[in-house]
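Okay, structure first, notes after.
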Amino acid sequence: MRIFYVRPARDGGYGRGDGTSYEHAWNGFTAVDWQKVRSEEPATVWVCGNGERPTDFMTVQVELSYLQENKLAA
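Numbers 2 to 75, taken from the numbering used here, label the letters of the sequence shown in order.
Here is the structure:
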């Protein structure tokens, strides 16, 4: 399973800002690349609540396949 990281938005962002690690996390929810999250195998997004240390986070698992199937059926 792939793991991505999003941290609180701040000026300058975090590293590369590609969500691949805590150091290179997406800079707030508006920076999340949902296409990247939903492509390929299942993914987990770790939502980091404190910009100072990686121990304050919650895990969010997004199930997009359910949404796609129901959109097609509608």
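We treat Cβ as the ideally placed atom computed from N, Cα and C, and that holds for glycine.
Pairing E41 with W27, the inter-Cα distance amounts to about 19 Å. Classified as exposed, F30 has fewer than 16 neighbouring CB atoms from the shown chains inside 10 Å of its CB. Every unbroken stretch of the alpha helix (DSSP H) spanning 4 or more residues and falling wholly within the stretch 11 to 58 is given here in chain order: 35 to 39. The alpha-carbon of W35 is positioned some 11 Å away from that of G20. Taking C-beta separations shorter than 8 Å and ignoring five residues to either side along the sequence, the partners of H25 in its chain run Y6, Y15, G16, R17, G18, D19, following chain order.
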